[in-house]
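In the working numbering, each residue's number is its place in the sequence shown (first place is 1) plus 96.
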Amino acid sequence: MTTPSFRDFRRITIKVGSSLLVDSAQGKLKQDWLAALCADIAALHHSGADVIVVSSGAIALGRSILKLPKGALKLEESQGAAAVGQIALAKSWADALGDHSITTGQILLTLWDTEERRNYLNARETLTRLLEWRAIPVVNENDTVATSEIRYGDNDRLAARVATMASADCLVLLSDVDGLYTAPPQSDPNAILLPIVPRITAEIEAMAGGAASELSRGGMRTKIEAAKIATLGGTQMVIADGRVMNPIKRIIDGGRCTWFTTPTNPVASRKKWIAGVLEPKGALHVDDGAARAIRDGKSLLPAGVKNVEGTFERGDVVLLRAPDGEEIGRGLAAYDAAEAQMIAGRSSRDIEAILGFAGGAAMVHRDDMTLSGH
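Here it is in C-alpha cells:
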C-alpha cells in the first residue's frame with residue numbers, strides 16, 4: 097500500500113502533546129520548536145488547506161508560572177493551574193501563528209461537548225465558521241471545569257473526536273515516538289516500525305504499550321484508541337516523531353511514521369451512519385422541485401418543505417419524503433421541529449426575521465444527507 101499524501105488533504109488536525117511543547121526541566125515553552133512547527137502549519141495553511149490544532153500544555157505551563165511543587169496535582173490544583181496556563185498557551189500559539197499573518201481562535205472542550213448532540217453541533221459550527229474565516233482553531237480540553245468523570249484523560253482521543261467533528265481527512269499525532277512498533281523499541285532491539293496499518297486488529301492493539309511521559313496523560317494505547325475513532329469517521333491518521341524541528345515537513349519528506357488508513361472519507365462515513373439509523377425522529381415532506389434537487393445532490397431549503405412531521409431536535413435524523421409519500425432520503429435536521437414548522441415554505445432570506453436568529457440556509461445540508469438506495 098502507498099502512504100497517503102498531504103497534497104490530497106483539504107482539512108488537517110494536528111495534535112501536540114505537553115512533552116513536546118514544554119521543557120520538563122525548566123517548565124518553559126520550547127519557543128524555537130513551536131516557531132518551526134508553526135512554519136510547517138503556515139505552509140499547509142497558505143497552500144489552501146484548513147488546519148486545526150489540538151494542543152496540550154496548559155497545566156504544565158500553569159504549574160510552572162505558579163511555581164507549584166513537582167509531583168501529582170489534585171484535581172482542583174490541576175484546574176487552577178490550567179486556568180493560568182491556558183492564557184499563556186493561547187498567547188504563545190497566537191503569537192507564533194501571527195508571525196505568519198494567521199489569525200488564531202481558542203476553543204475549550206469537555207467530553208460532554210462531543211457526546212451531547214446540541215453541544216457537539218455548536219462546537220462543530222464554531223470550528224466550521226473559524227475555518228471559513230481562514231483562522232486556525234487551537235483546541236484544548238477544558239481542564240478548568242472537567243472532572244475526573246467527564247474528562248478525556250488524554251488529548252489523543254480528544255484530537256480524534258475534534259477531527260471527526262470537523263470532517264478532517266487527516267489527523268496528525270505528534271508524539272515522543274516515531275510510530276507504532278511490533279514491540280517496545282526501548283526493550284526489544286528486533287522491534288520493527290509499521291509504516292502502514294490498514295486495519296486495527298487485536299494483534300495491532302496488543303502492540304500498544306502503556307507508558308506515558310511525566311507531562312502527558314497519553315501513551316500508545318490511547319493513540320490506537322484515537323486511530324479507531326478517526327478511521328471509523330473516515331479520517332486518515334498518522335503517528336510521527338514531534339521531537340524534531342519542522343515535524344510536519346519531516347512527514348511530508350518521507351520521514352519515519354505510522355499511517356492508519358481508511359477506505360472511506362468523513363462525508364461518506366457520516367452518510368453511512370445516517371443511512372443506518374433505525375428510528376428517524378420525524379419527516380420533512382417536500383414538493384416536486386425540492387425532490388428533484390435532493391436527487392440531484394443539492395441541499396434541502398425551507399422553501400421546498402410542505403409539511404413537518406414528528407418531534408425532533410437539531411441534529412436528529414429525519415426522513416425526506418416526496419409528494420407521493422415515497423422516502424427519497426434522510427438527513428440531519430438543521431432546525432428543531434418547531435423551528436422547521438415556522439420556516440417551512442419560506443425563503444432562506446426570511447429565517448432570521450422569523451426565528452430571531454440567523455441560522456443556516458438549508459433545512460438539511462447535502463453533506464448531512466443520504467439518498468434512498470445509495
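Beta carbons: idealized from backbone N, C-alpha and C, even for Gly.
- Contact between Ala336 and Arg426 is absent: CB atoms are separated by about 38 Å, not below the 8 Å threshold.
- In this chain, the alpha helix (DSSP H) harbouring Pro343 covers 343-348.
- Collapsing the DSSP output to three states places Leu162 in coil.
- Annotation: the continuous alpha helix (DSSP H) that includes Thr210 extends over 207-211.
- The criterion of a C-beta distance shorter than 9 Å is satisfied by Leu380 and Leu415.
- Per DSSP, the continuous alpha helix (DSSP H) segment holding Trp369 begins and ends at 362-372.
- CA-to-CA, the gap between Asn236 and Ala434 works out to about 34 Å.
- The residue among Thr109, Gly113, Met438 with its C-alpha nearest the C-alpha of Leu140 is Thr109.
- Under the DSSP assignment, Arg391 falls in the alpha helix (DSSP H) whose first and last residues are 384-391.
- In the three-state reduction of the DSSP assignment, Leu289 falls in the strand class, which pools E and B.
- DSSP places Glu299 within a helical segment (H, G or I) once states are collapsed to three.
- Its Cα nearest to that of Leu205, the residue Thr222 stands out among Lys124, Thr222, Trp189.
- For Ile137, the closest of Pro359, Glu211, Val234, Lys163 by C-alpha to C-alpha distance is Val234.
- Counting only residues of its own chain and dropping the five nearest sequence neighbours on each side, Ala132 has a CB closer than 6 Å to the CB of Met341, Asn342.
- With a contact defined as Cβ atoms closer than 8 Å, Ala429 and Arg410 qualify at about 6 Å.
- Looking from the CA of Val460, the closest CA among Ser263, Asp349, Glu211, Leu397 belongs to Leu397.
- Cα atoms of Asn215 and Ser120: separation of roughly 35 Å, rounded to the nearest angstrom.
- In the DSSP assignment, Gly406 falls within the beta strand (DSSP E) that extends over 401-406.
- Here Phe105 carries a coil assignment [DSSP, helix/strand/coil].
- Unbroken beta strand (DSSP E) stretches of 3 residues or longer found wholly inside the region 210-238: 232-237, given in chain order.
- Look at Ile424 here: in three-state DSSP terms it is strand.
- Per DSSP, reduced to three states, the secondary structure at Met465 is strand.
- Excluding the 5 residues flanking it on each side, Thr199 has same chain C-beta neighbours closer than 6 Å at Ala231, in chain order.
- Ala449 counts as exposed, since fewer than 16 other C-beta atoms from the protein chains shown sit within 10 angstroms of its C-beta.
- Its chain contains Ser114, Leu117, Val118, Leu185 as the residues whose beta carbon lies nearer than 6 Å to that of Gly153, once the 5 sequence neighbours on both sides are disregarded; these appear in chain order.
- By the CB criterion at 9 Å, Ser188 and Leu130 fall inside the cutoff.
- The residue from Pro294, Asp104, Arg106, Ala135 with its alpha-carbon nearest to that of Arg346 is Ala135.
- One alpha carbon belongs to Arg417, the other to Thr407, and they sit about 16 Å apart.
- Leaving aside the five residues that flank Val180 on each side, the residues in its chain whose CB is nearer than 7 Å to its CB run, in chain order, Gly158, Ile161, Leu162.
- Only exposed fits Pro165, as fewer than 16 other CB atoms lie within 10 angstroms of its CB.
- For Thr260, the secondary structure class from DSSP, reduced to helix, strand or coil, is helix.
- Counting only the Cα atoms, Val112 lies some 21 Å from Ser143.
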